[in-house]
Structure formats: structure tokens, C-alpha cells
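Here the sequence shown is numbered in the numbering used here, starting from 5 and rising by one per residue. The beta carbon of each residue, even a glycine, is placed where N, CA and C say it ideally should be. What you are looking at is a predicted structure, and each value in this text was computed from that prediction instead of being measured.
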Amino acid sequence: MTQAKAGDTLHIHYTGTLDDGTVFDSSQGRDPLQFELGSGQIIPGLDAGVTGMEVGEKRSVQIEPAQAYGEHDASRVQAVERAAFPDDIPTDPGTQLQVQTAQGQVMPVTVVAANDEHVMLDTNHPLAGKTLTFDVELVEIA
Numbered sequence: 005m006t007q008a009k010a011g012d013t014l015h016i017h018y019t020g021t022l023d024d025g026t027v028f029d030s031s032q033g034r035d036p037l038q039f040e041l042g043s044g045q046i047i048p049g050l051d052a053g054v055t056g057m058e059v060g061e062k063r064s065v066q067i068e069p070a071q072a073y074g075e076h077d078a079s080r081v082q083a084v085e086r087a088a089f090p091d092d093i094p095t096d097p098g099t100q101l102q103v104q105t106a107q108g109q110v111m112p113v114t115v116v117a118a119n120d121e122h123v124m125l126d127t128n129h130p131l132a133g134k135t136l137t138f139d140v141e142l143v144e145i146a
């Protein structure tokens with residue numbers, strides 16, 4: 005059988021979980037994820053983890069933060085003046101928001117704390133610093 009190699013277009017079904025078993029993403033009930041192996045379209049650890057798989061093969065791939073979304077960087081947590089937030093925008097810890105940078109880019113952030121003066125926003129990816137496990141099935145190599 006043919007093994008998946010760089011340049012191949014792969015179709016995979018997957019379920020991604022955290023160390024505590026929480027599912028953070030899955031293709032269940034959707035079409036398989038399609039990507040070009042080795043092109044940087046998916047996180048490096050998953051790219052490496054599916055290399056060499058054959059159609060129909062199932063594999064569990066554990067990925068450390070450095071090969072996923074990186075380590076959590078404390079310098080990416082920033083205090084923003086409370087006055088910068090309209091009253092209708094929720095600022096409860098855990099709330100995910102989108103902010104626009106000075107360059108016009110939209111960036112997801114997570115509220116980590118809030119008081120009367122400031123709202124602390126974490127600009128790290130929500131999965132930064134986490135070890136990820138993907139249960140993968142290679143459906144097709146195109």
C-alpha cells in the first residue's frame with residue numbers, strides 16, 4: 005500500500021483531545037479534513053504524526069506544545085483600559101473575543117481577568133502550552 009508522504013493530499017478523520025480527555029476539535033459528522041502533507045497547513049506535530057500512514061490506518065498522535073501552538077507566553081497577556089470596552093461587550097474571565105490590531109488584523113483573545121479599571125486579555129492561542137492528542141484515521145491519499 006501507499007504511504008503518506010510530503011506533497012500528498014490527505015483526507016483524515018480526527019478527534020483532538022487534551023490531557024484531561026476534553027475534546028477540543030473533531031471531524032465527526034463532517035467531511036474529512038483535507039490538507040497537503042508537509043505544506044504547513046496543519047500544526048507540525050500532526051503533520052509529522054500522519055507521515056507514513058496508509059489508507060484505512062488509525063493512529064493516536066500525542067503532540068507537545070512546541071510542535072502544536074507553542075508554549076504559553078506570559079508577555080502576550082496585556083492589560084487594556086476598561087473604558088476601551090463598550091458596555092455591551094462581556095468581560096467575564098474565559099470569554100473569547102476578537103480585537104482589531106492597529107494594522108487592521110483581527111485577532112482572537114481570551115479575557116483572563118477584569119476589574120473596574122482594566123481587562124486582562126490573553127493573545128496566546130487558546131491551546132498554547134497544552135499537550136494535544138489526535139486520534140486519526142487516514143481516509144484517502146489523493
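- Each of His-129, Gly-42 and Glu-85 was checked against the Cα of Leu-14, and the nearest Cα belongs to Gly-42.
- Excluding residues up to 5 positions away in sequence, Pro-48 and Gly-49 lie with their Cβ nearer than 6 Å to the Cβ of Gln-71 in the same chain.
- In the three-state DSSP reduction, Ser-31 falls in the coil class, being neither helix nor strand.
- Taking 8 Å as the upper bound for CB-CB distance, Val-59 and Ile-145 are in contact here, some 6 Å apart.
- Cβ-Cβ distances below 7 Å link Gly-56 to Gln-7 and Ala-8 in the same chain, with the five nearest sequence neighbours on each side left out; the list follows chain order.
- Around Val-27, the same chain offers Thr-19, Gly-20 and Thr-21 as residues with beta carbons nearer than 8 Å, after the five sequence neighbours per side are excluded.
- Under the DSSP assignment, Asp-126 falls in the beta strand (DSSP E) whose first and last residues are 122-126.
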